[in-house]
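Those protein sequences? They're chains W and Z, same order as listed.
First residue of the first sequence: 1, per my numbering; consecutive thereafter.
First residue of the second sequence: 405, per my numbering; consecutive thereafter.
Ideal Cβ placement from N, Cα and C applies to all residues, glycine included.
Everything on this sheet refers to the single structure shown next.
Number of protein chains: 2
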Amino acid sequence: MTDAERLDRYAELALHVGANLEPGQDLGIIGLVEHAPLARVLADRAYRGGARYVEVLYTDQHVRRALIEHGPEESLGWTPPWLVDFIEALGERGAALVSISGNPEPELMAGLDGERVGKARTKALAQAHLRNVQERLVNWTIVGYPNRGWAEAAFGEPDVERLWQAVATAVRLDEPDPVAAWSRHIETLVARAYGLNERGFDAIRFRGPGTDLTVGLLRGSRWKTARFQTARGRSHVANLPTEEVYTSPDFRRTAGTVRSTKPLAMFGTVVRELELRFDGGRAIEVTAGTGADVVRAQMASDEHAPFLGEVALVDSASRVGKTGITFMDTLFDENATSHIAYGAGIPDTVEGAGGRSPDELRALGVNHASIHVDFMIGGPEVEVDGLERGGAAVPIIRGDRWQL
Amino acid sequence: MTDAERLDRYAELALHVGANLEPGQDLGIIGLVEHAPLARVLADRAYRGGARYVEVLYTDQHVRRALIEHGPEESLGWTPPWLVDFIEALGERGAALVSISGNPEPELMAGLDGERVGKARTKALAQAHLRNVQERLVNWTIVGYPNRGWAEAAFGEPDVERLWQAVATAVRLDEPDPVAAWSRHIETLVARAYGLNERGFDAIRFRGPGTDLTVGLLRGSRWKTARFQTARGRSHVANLPTEEVYTSPDFRRTAGTVRSTKPLAMFGTVVRELELRFDGGRAIEVTAGTGADVVRAQMASDEHAPFLGEVALVDSASRVGKTGITFMDTLFDENATSHIAYGAGIPDTVEGAGGRSPDELRALGVNHASIHVDFMIGGPEVEVDGLERGGAAVPIIRGDRWQL
């Protein structure tokens, strides 16, 4: 298979398994300028498949870096309205969306004032995107685009071919029939979610080095997979790869301490050895080997940012985990192992929460915020239990293997 | 001077001589994804210089190619509304704008259906941009970004360094004080415009191989330079380089034949040996060595596209002309020699035309259309005369030298 053929097959996977683009539908693509080679193939394949219109929004983190370094304070959190218009129009037109991940310079913001890095968010854009997701207006997916800088961050050398092979493994592009393989794989995850929902645990407990964390669940919390369905009934797989089952916790009932088990690359900064202490649901202490100031600025940017919005379980059967690689990219790393996210909850995972206002969501125990940041807390040394209402602990993951 | 220093100086020239960015002002940048290296330096320099917010709109002609090749007919002329919002917001906020030119693949659309290439225009975007320009809402400029593909188109080999040197010469970046050099240069052009306005010619006549064209002027036609002033009083140089004096003709009074003297690269097609025959102002015959179908489709896309909107005079004193290079880029080539443009006129060059509606403009004799396409008709063999109202011909250019 030539490189061009591989890119074609990958684009087909993103369009037909991931976003599940419908003939006649519009397609939005969001990526960095460095992702243009994939965006171009996606556009070409989409039109060949009958898309009505394809529009690409290219972003440039160097331009954001210049803002953080030299721009006025009041511009840091501003979003040009046309960017919001772009996102909202996707929702209004019931479009498909492919977002491209894989940062060519994951530490571009290193050395900048962490507080300014944390503040420099196009918050209105994130909110518009969240609305589309929560109201299930678009069939969307996220895929990674292997590139030199990303390979360097993952391996210490710009071995793009090695990264391509790891990505191909993670997304099952190495299967003779990736579409069928994905169908089987999603069924496995659906069965896990079903098993957890049958149990109706009251909380999930993580125990390992530096970690003793209890995440309270809602009575209405439902475990789900990343196979979604839009309000109009179009199913799609929102992450390629995906290996998780996840739900929204009761954001008021997280307690204890947690230590991240993989670095977290975000906004041009790498957060390492993140440790959080929770009380009454809120992260009240934030320390880290690197990047603590960015996490603190994020949490300060929104009253409800320091509360959890997601808890997700992944074991070592994960294709991503099997590669043994820390990808330095959340899309991949969060699918290698169990994780939690601070910020917005996912109303779709809580009975009766769909279509509720932010205040109503919080009253139900589902967090609402303008951010959603996943970080990895699972691994071979981390035991995961489900706690029953009576207090009994049921092993879910032991030795990084699923027990239920 | 290192490459980085040269790029810095070039960005400073674009911002401070070209757009004349004001501290506290917003800046829009429009370019291809391949222009990111210049866009990034522009953003950095702009923020250092006190810009409030910098936003970059990256476009991708490969995505447009996919639309032309495989997209549905009804999508060809569509413009996503958020793109119009981007342009309109620049006008509303009184922003500065730098557009980047220099096509890395000027023949990307070669081999595609010329009619579809011509139709695939974001017409609403062009109209919004034209409104900003005609109502003088933004201080804008266009600059070229040397790149491999552009160098290959100009020289037959990807000699980017040679192209950089030619561009540096053309934009006076080789001067010890480019800002002062530009000030002197603009004064020379202003003097030319003044001389032409004093004469008050009734028409301009071009005669040379394949060309015998008379372009009627309006009584209100005023010759101008590309140093503009916004409605708010901010001056800017709209093209870097610029060597022309130009005006809007009486769009009803063009007659005769004209042959282009340089190839015209536009929309991924190169139009060579273009020949037009005009009658009653309208181009009634279009032939070309290559690209005739694209020109014909453009002219068919808008009732007033086949009429002239501009006539511009340039002689061999031009810095661009002196390089001896055909740049295959209109920004440069139109400043090497005299040219005309079919499509929209420039109301600002006609007394009493400012702020008029499209219908009022046409009633005055100023063309209004959604396109404006310059092509080159001057050169050593082309004589340019001014025709007085009594019929007498006054030499303006002979042997490619200014005579007035």
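Quiz prompt | N-terminal and C-terminal residue of the beta strand (DSSP E) that isoleucine 284 of chain W is part of | solution = 282-287
Exercise. Mind checking which residues open and close the alpha helix (DSSP H) that includes isoleucine 546 of chain Z?
Key: First-last for isoleucine 546 of chain Z: 543-548, but that is the beta strand (DSSP E), not the alpha helix (DSSP H).
Quiz prompt | Burial state of isoleucine 688 of chain Z (16 or more Cβ within 10 Å) | solution = exposed
Practice problem: Rounded to whole angstroms, what's the CA-CA distance from glycine 624 of chain Z to glycine 102 of chain W? Just pull it up for me. | Solution: 57 Å
Practice problem: In the DSSP assignment, find the alpha helix (DSSP H) that holds alanine 447 of chain Z and state where it starts and stops. | Solution: 440-452
Quiz item: From threonine 526 of chain Z to arginine 793 of chain Z, what distance separates their C-alpha atoms?
Solution: 41 Å
Quiz item: Does the segment 137-153 of chain W touch the segment 20-36 of chain W, meaning 3 or more C-beta pairs lie closer than 8 Å?
Solution: yes
Quiz prompt | Where the alpha helix (DSSP H) containing glycine 409 of chain W begins and where it ends | solution = This structure cannot settle anything about residue 409 of chain W, because the visible part of chain W is limited to 1 through 404.
Quiz item: Helix, strand or coil: how does DSSP classify phenylalanine 278 of chain W here?
Solution: strand
Quiz item: Looking only at DSSP bridge pairs, what is tryptophan 806 of chain Z linked to?
Solution: Z:Ile801
Quiz item: What are the residues of the segment 69-83 of chain W that lie near chain Z, defined by any Cβ-Cβ distance shorter than 9 Å?
Solution: Glu69, His70, Gly71, Pro72, Glu74, Ser75, Trp78, Pro80, Pro81, Trp82, Leu83
Self-check item: Within chain W, partners of arginine 444 of chain Z - CB distance below 8 Å
Solution: Asp60, His62, Val63, Ala66
Quiz item: Taking the DSSP output, what are the residues bridged to valine 502 of chain Z?
Solution: Z:Ile433, Z:Thr545
Practice problem: Output the boundary residues of the beta strand (DSSP E) element that contains isoleucine 744 of chain Z. | Solution: 743-747
Practice problem: Confirm, please, whether the CB-CB distance from phenylalanine 228 of chain W to glycine 256 of chain W is below 8 Å. | Solution: no
Quiz item: From what residue to what residue does the alpha helix (DSSP H) around tyrosine 414 of chain Z run?
Solution: 407-417
Exercise. Look at leucine 765 of chain Z and alanine 757 of chain Z and say whether their C-beta atoms are less than 8 Å apart.
Key: yes
Exercise. Starting from the N-terminal side, write out each stretch of the beta strand (DSSP E) that is 3 residues or longer and does not extend beyond the segment 301-333 of chain W.
Key: 308-313
Quiz item: When the cut-off is 8 Å and only beta carbons count, does glutamate 459 of chain Z lie next to chain W?
Solution: yes
Exercise. Answer yes if the segment 305-314 of chain W comes into contact with the segment 145-165 of chain W, meaning at least three C-beta pairs across the two stretches below 8 Å, and no otherwise.
Key: no
Quiz item: Beta-carbon of arginine 9 of chain W versus every beta-carbon of chain Z: anything under 8 Å?
Solution: no
Practice problem: Consider the Cβ of valine 521 of chain Z: report whether some Cβ of chain W lies at a distance smaller than 8 Å. | Solution: no
Practice problem: Taking threonine 188 of chain W as part of the alpha helix (DSSP H), name the residues at either end of that continuous run. | Solution: 178-199
Exercise. Taking all protein chains shown into account, decide if arginine 358 of chain Z is buried (16 or more other Cβ within 10 angstroms of its Cβ) or exposed.
Key: Given that chain Z is displayed from residue 405 to residue 808, the structure contains no residue 358 of chain Z and the question cannot be resolved.
Quiz prompt | Coil, strand or helix - valine 786 of chain Z by DSSP | solution = coil
Quiz item: Should methionine 1 of chain W go down as buried or exposed, given a rule of 16 or more other Cβ atoms within 10 Å for buried?
Solution: exposed
Quiz item: How many Å lie between glutamine 403 of chain W and aspartate 315 of chain W at the Cα?
Solution: 10 Å
Practice problem: Count the CB pairs spanning the segment 567-587 of chain Z and the segment 527-536 of chain Z that are closer than 8 Å, and state whether there are at least three. | Solution: no
Self-check item: Own chain residues within Cβ distance below 7 Å of arginine 456 of chain Z, not counting five before or after
Solution: Gly428, Gln429, Asp430
Exercise. Please list, in chain order, all residues of the same chain as proline 104 of chain W whose beta carbon is under 8 Å from its beta carbon, the five residues on each side excluded.
Key: Leu32, Glu34, Asn147, Arg148, Gly149, Trp150
Quiz item: Whose C-beta lies closer than 8 Å to the C-beta of aspartate 60 of chain W among residues of the same chain, with five residues either side of it excluded?
Solution: Leu32, Val33
Quiz item: Can the beta-carbon of histidine 185 of chain W be found closer than 8 Å to that of asparagine 20 of chain W?
Solution: no
Quiz item: Going by DSSP, which residues form a beta bridge with glutamate 459 of chain Z?
Solution: Z:Gly432
Self-check item: Residue environment, arginine 636 of chain Z, which counts as buried when at least 16 other CB atoms sit within 10 Å
Solution: exposed
Self-check item: Where serine 357 of chain W falls: helix, strand or coil (DSSP)
Solution: coil
Quiz item: Counting Cβ pairs closer than 8 Å, one from the segment 367-387 of chain W and one from the segment 203-218 of chain W, do we hit at least three?
Solution: yes
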